Structures are given as C-alpha cells and as structure tokens.
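In this note's numbering, the protein residues as written are 496 to 599.
Next up, the structure:
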C-alpha cells in the first residue's frame, strides 16, 4: 500500500487563495448590491415607468403645440385662431362687437 503524500500549504498559497476569495466576494457583492446590481433593478424599473409617463405627457404637449403652429402658418392661417389671438393679445375688437369685462 502506498501512502499518499500531502503537499504542505505554504503561507504564500494561503494568502493567494484568501485574496482570490476576497476578490470573488467583492465582485459578488457588487453584482448584488451595486449600482447596476440585482437590488437596483426595481428602482430602475420604477424610474423607467415614471419617465415613460413624462414622455407621454410631453409628447401630447408637443403635438398640441405643433397643431397650433400649423394653424398659424401665414400661408393658410385659421381665421378663428387669428381673431382669438388678436383680441386677447392686442385688446382689439370689431366695431359691431360689445366688450363685457369680467372680474376675476
């Protein structure tokens, strides 16, 4: 029967293995609790949903403004909108109109 020989651990090997284990633990901790880790996914999903809502509101506002600009195009302006803007911005009225001031 042959006896198996155990190679003794050298202190250098022990330090190397300890450093490798610490490095793996640090990488694992960063993967779980880091800024883009598993725990941050919920926060990122919530922020994404919030920003998609903001984008929807801003897109609706942009479409409303784009429509108003199209109505004010000098080549074919909407007469009702032009009249409304003249009355509100310049305080003008037709001679046959009666202006009734309203108290706020």
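Glycine included, C-beta positions come from ideal geometry on N, C-alpha and C. Note that this is a predicted model, so its numbers are computed, not measured.
In three-state terms, what does DSSP make of residue i?
i	result
residue 584	helix
residue 539	helix
residue 567	coil
residue 522	helix
residue 531	coil
residue 598	coil
If you draw a straight line from the alpha carbon of residue i to that of residue j, how long is it in whole angstroms?
i	j	result
residue 540	residue 550	15 Å
residue 526	residue 538	15 Å
residue 559	residue 591	32 Å
residue 513	residue 542	39 Å
residue 524	residue 532	9 Å
residue 507	residue 548	57 Å
residue 511	residue 530	28 Å
residue 574	residue 554	26 Å
How about residue i and residue j: are their beta carbons less than 9 Å apart?
i	j	result
residue 534	residue 528	yes
residue 585	residue 577	no
residue 588	residue 597	no
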